[in-house]
Every structure is written in C-alpha cells, then in structure tokens.
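S.K.: Under our numbering, the first residue of the sequence shown carries the number 888, and numbering increases by one thereafter. Don't be surprised by glycine CBs; every beta carbon is placed ideally from N, CA and C. Below is the structure I would like to discuss, written out as structure tokens.
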Amino acid sequence: MSTFRLYDTLSRSTQPFAPADGRTVRMYTCGPTVYNPAHLGNFRTFLFEDLLRRAIRLQGWGVVQVMNLTDVDDKIIARAQQRGLTITQVTDPVVEIFHADRRWLRIEDAEHYPRATDFIPQMIALVERLLEKGVAYRADDGSVYFAIDRFPGYGKLSRLDRREVRSGARVAQDDYTKENAQDFALWKAAKPEDEAAGAAWDAPFGRGRPGWHLECSAMAMELLGETLDIHCGGIDLVFPHHEDEIAQSEAATGKPFARCWCHGEFLNVDGAKMAKRVGNVTTVEGLKAQGISGAAVRHFVFSTHYRKQLNLNAEALEASVQATRRVGAFAERLAAAAAAPVALVDAAVEVEAEVRAALADDLNAPEALAALFIFISRANALLDQGGDDRGAVDRAQRAFALVNGALDLVPEARVADAELATWVASQLAARAEARLRRDFARADAIRAELTARGVVLEDGPLGTSWKLAS
Ligand code: AMP
Ligand code: ZN
C-alpha cells in the first residue's frame, strides 16, 4: 500500500499523512453559507473533499466528516432584512437545495451537517474560555473581540508578517483582507436588524450573535475533538477564516487545532474566480438545463489537480460528457461480459494499483483518470478478442468497482436507455465474436441492425464505442 501524502498549507509542504488514532480520519470541511444555492465554484471545493474522503477509505481508514452549514452570518442577516424574513426562513429552503445539488453531483453524505444556530451554547462557552484566558475582550460597542497580539502564533497559516498585525484596531465584519489584519469579532452585540431576523441570543457577556470564524471552531471541536486530523476548505478561506479559527481554538486549548490543512484552488471563469458578487456563477440547475450529467461534472473537475486553478469552459465540459459516456458504455459492457482473455487480469491488477497510488499522492486525480482510461482501452480490446476466462471478467469487474467507487463517473442511465444499452452491449459482443471468427458478413449484418435502431458505432484504437444518432 502506498504511503498516503497530502499537501499541508501550514508547513507549505507535502507530508505523509495518517489519522492520529491509526484508524479513523476526523475531517472538518467548511460548508456553504446558505443564503444562495451553492455555485459550481463552491462545488469544486466540495468535490475535492468528496474525493479526499473516498481516497481515505481506499487506504482502509474510516472517516468522520463534518460539513457545517453556516446559517447565521452578515450576508444571511442582510438578505433576511431585505426580504422581511427571519434567518431560518432564508436558510431552510437553501439547505434543501444544497443537499439535492450535492446528491446530483454524487457528493457522499458527510457524517454530520451541523447548523451553526444549533451550537450557540458551545460558541458561548468558547468565548467565555477566551475571555477567562485574557485573549478576548469586550469592547465599547458591546461586542467581544479576539486580541490577535495576545496569541503569538497569529498569522502562521497565512504567513502574515508580524508587522502587518495591527493591535488594538478592530474589524467587525466576517470577511476582510490581510491589509485589515486586526482584532476580529467573536461575538457581535445584537442590533435591531439581528433581533428582527431572529439572529440574537442571550449570553453572559451580552446579547448578540456569533462571528463566522467562531462558529467553525466551536462545531469542529464539539463534534471531532480539540485536534482534528484534517481541516479543509477553498483557498480563499486561508485568511482570515482559518487563521482566525486557529487563533480561537489554539488560544483556548493550547493544542494544535488541525494536524493537516488542505485547501483547494479556485474554479474560474475567464480567469476570474467564480463568485456570486462577480455575477459569473453557474449552478447545478444551469448545468442540468444544458443536459450535462453530474458524472460529467465530476470528470471535468477531477481532470485538473485540486491545487491548480481550473477554468470553466464549454469544450472541456463537452469532452467530459463524452468521456463519461465512454465509461458508462464500458461499465455496461463489462457487466454483461461472460468471459475474456486471461490477460484482462493483469490490466485489472494494474489499474487498481495505479489509481490507489495516484490518489495517495496528494490526490492526483488527473493521473487516476488517465489510468482508468488506459484500462478501458485495454479491456475493450481484450473483450473484442473474445476469450474464455470467467475469472478474468470477475477480476476486472472488481477493479472497475474499486476505481469507480472513488471517482464515480458512470452517468445515470435513463430507464429506456438502460434497456437499449443492454441490447447494444449484447449485439457488440456478438459482433466482436463474429469478427474474431472472421465472419464479416455476420458482423456487418449486426452493424446494420444497430444502425437501423439509430445506434452509431465507432471502432477506434480504444475499442468500439457507440452513440445514438442525433
Ligand atoms: P461560502 O459558501 O462562500 O462560504 O463557500 C463555501 C466553500 O466554497 C468554501 O470552501 C470556499 O472556499 C469555496 N469557494 C467559493 N468560491 C469558490 C471558487 N470559485 N472556486 C473554488 N472554491 C470556491
Ligand atoms: Zn469554516
């Protein structure tokens, strides 16, 4: 088994990784702020985390993943105020859409989806702990701030220069830039708009609501313990969100907050980060309307390493649609195969080893995909030859199930299509067998029959694939 390696943002290096207890990876993944349906940029990050949990299981480890739902923050309250709603009225429908979209992309269920508003007592307790330790203080505005100059490690994740740390100055909003590295709000004194939106709670240090960073620290430590195995998010969360999470958690516990920090790069559109405020977002709804499958989106995202920027473009998406059709056709052919040449065993053993090694190497999905497609070509060619080894088919089916269990690329067959696909697979097998016997008249007759049903065959160097004539 290959050593599992991950790039750790804190040390800026790729390191061997194993769970602290040797068995189960406790992993915290910052989830969506539920005021708008998530866009494909958000889902690129969630897909990288989905692949990470599947790769962890390939190593034989268990995984406990927490993905929080940020259901109280500046943006949600602003939205509630605009619409005259409570925060719950804003967030409930968005949470539903999030799960539906996530399932469509086959992002596996995390073990926990805590909503921030369900963990207010834990957040209050954490603020009290920080006040007791003297690293937090109550300001004139009634809010509680974290004093960054009282935590010596402040800035270590984002490599913030100590000179940039401005002590005494304060920032109240949840998101800000490095230029504004200041004391940040742990707890924000309740304003009338918070009260109107149902976003205010009593606390010993004053009525108010949690800051965004505090939410994640409190939920992560409550559900996974004081030191996590892995903490993940998009690259934009390094500062201030994760820097502030480290400060709050480590100042309270005196222990490292996470053993490994993993960040995924951006999905861009024409070189600019996909973001709601830029107005360049693509949603799952939009993708469905274009007839693109969830499997194709996975293929598109996994074609680029998670630490490289990825540009959304129509040609690449179309290529992914074609690629996953090929995977789907192969899955059906393999499922229907009765026997194959014994050489298929070697191909199966190799693809398994290659995909395991690629994913263990800092989640090298592009390399795993390359190995899968080479396997499909080899297996198709071998199946074309006929052969009489039943065990070889079983072995190939097991290897394909293992690989596809990690990448999950078989497009969902529509019911009518599934019947057609089974029939086509049987015809293709018969045709391959006829060609092997050099009975070209029979092979041509089968092809003609397929054509009559609107099935177009493509004999390529990678084996025979098919599509429906448009
Ligand atoms: P948010 O709902 O804004 O808190 O974001 C949820 C997750 O999506 C975070 O991990 C972000 O880092 C990530 N994210 C936001 N925009 C993009 C993007 N364009 N590409 C990749 N990840 C993103
Ligand atoms: Zn977070």
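With H, G and I counted as helix, E and B as strand and the rest as coil, what does DSSP make of L1337?
M.R.: Correct three-state label for L1337: helix.
S.K.: What did DSSP end up calling K1163 once you bin it into helix, strand or coil?
M.R.: If DSSP states are grouped into helix, strand and coil, K1163 belongs with the helices.
S.K.: Identify every residue that forms a DSSP beta bridge with F1033.
M.R.: Paired residue(s): A1023 and F1071.
S.K.: Since W1353 and A1210 should fall inside the 8 angstroms C-beta cutoff, what is the C-beta to C-beta distance between them, to a whole number of angstroms?
M.R.: With 8 angstroms as the limit, W1353 and A1210 do not qualify as a contact, their Cβ atoms being about 15 angstroms apart.
S.K.: Under 8 angstroms: do the segment 920 to 933 and the segment 947 to 958 share three or more Cβ pairs, one atom per stretch?
M.R.: Counting Cβ pairs under 8 angstroms, three or more are found: they touch.
S.K.: Using CA atoms only, rank isn't needed, just tell me which of L934, A942 and T896 is closest to E1239.
M.R.: When only C-alpha atoms are compared, the closest one is A942.
S.K.: Put V1302 into one of helix, strand or coil per three-state DSSP.
M.R.: Note that V1302 has pLDDT 45, beneath the 50 cutoff, so the model's placement of it is unreliable and the number below is only indicative. V1302 falls in the helix class under three-state DSSP.
S.K.: So L1174 and K1043 are in contact, right, with Cβ under 8 angstroms, and what is the actual spacing, rounded?
M.R.: Not confirmed; about 39 angstroms, so no contact.
S.K.: Quick one: Cα of T916 to Cα of A1293, how far?
M.R.: Straight-line Cα distance between these residues: approximately 18 angstroms.
S.K.: Taking the straight line between their C-alpha atoms, what separation do you get for R989 and A1145?
M.R.: If I take the Cα positions, the gap works out to 26 angstroms.
S.K.: Relative to ligand 1, is the shortest distance from any of its heavy atoms to the C-beta of A1162 smaller than 7 angstroms?
M.R.: Yes.
S.K.: Let me confirm a value: D1028 is counted as buried when at least 16 other C-beta atoms fall within 10 Å, else exposed. Which label applies?
M.R.: So D1028 ends up on the exposed side.
S.K.: Give the DSSP-derived three-state secondary structure of P924 in the structure shown.
M.R.: In this structure, P924 counts as coil in the three-state DSSP scheme.
S.K.: Looking at G1120 and ligand 2, is the gap between the Cβ and the nearest heavy atom below 7 angstroms?
M.R.: Under cutoff, so the answer is yes.
S.K.: Can you tell me which of the three DSSP states K1354 falls into?
M.R.: Three-state result, K1354: strand.
S.K.: Mind listing, in chain order, the residues whose beta carbon lies closer than 5 angstroms to a non-hydrogen atom of ligand 2?
M.R.: Those residues, listed in chain order, are C917 and C1103.
S.K.: Rounded to whole angstroms, what is the Cα-Cα separation between P906 and D1123?
M.R.: Approximately 25 angstroms, taken between the alpha carbons.
S.K.: Looking only at C-alpha atoms, which of R1243, L1101 and A1056 sits nearest to E1130?
M.R.: Comparing Cα positions, the closest option is L1101.
S.K.: Pairing CB atoms from the segment 1221 to 1228 with CB atoms from the segment 1192 to 1201, are three or more of them under 8 angstroms?
M.R.: The segment 1221 to 1228, when compared against the segment 1192 to 1201, does not touch it at the 8 angstroms Cβ threshold.
S.K.: Should the segment 1031 to 1040 be called in touch with the segment 1059 to 1075, which here means at least 3 C-beta pairs below 8 angstroms?
M.R.: A contact exists between the segment 1031 to 1040 and the segment 1059 to 1075.
S.K.: Say yes only if the C-beta of G1141 is nearer than 7 angstroms to one or more non-hydrogen atoms of ligand 1, and no if none qualify.
M.R.: No, the beta carbon of G1141 sits no closer than 7 angstroms to any heavy atom of ligand 1.
S.K.: Any idea what DSSP makes of P1001, helix, strand or coil?
M.R.: Three-state DSSP puts P1001 in coil, outside helix and strand.
S.K.: Please state whether DSSP places I1117 in a helix, a strand or coil.
M.R.: Correct three-state label for I1117: strand.
S.K.: What span of residues does the alpha helix (DSSP H) with W991 cover, start to end?
M.R.: That run of the alpha helix (DSSP H) goes I974 to W991.
S.K.: Quick one: which unbroken alpha helix (DSSP H) runs of 4-plus residues sit fully inside the segment 1069 to 1103? Chain order, please.
M.R.: Counting only runs of 4 or more, we get 1079 to 1083.
S.K.: Would you give the residue range spanned by the beta strand (DSSP E) that R830 belongs to?
M.R.: Here the chain comprises residues numbered 888 to 1357, so residue 830 is not present and cannot be evaluated.
S.K.: With a threshold of 8 angstroms on Cβ separation, who are the neighbours of V1297 within its own chain once the five nearest residues in sequence on each side are excluded?
M.R.: Contacts found: A1182, T1211, V1214, G1215, A1218 and N1291.
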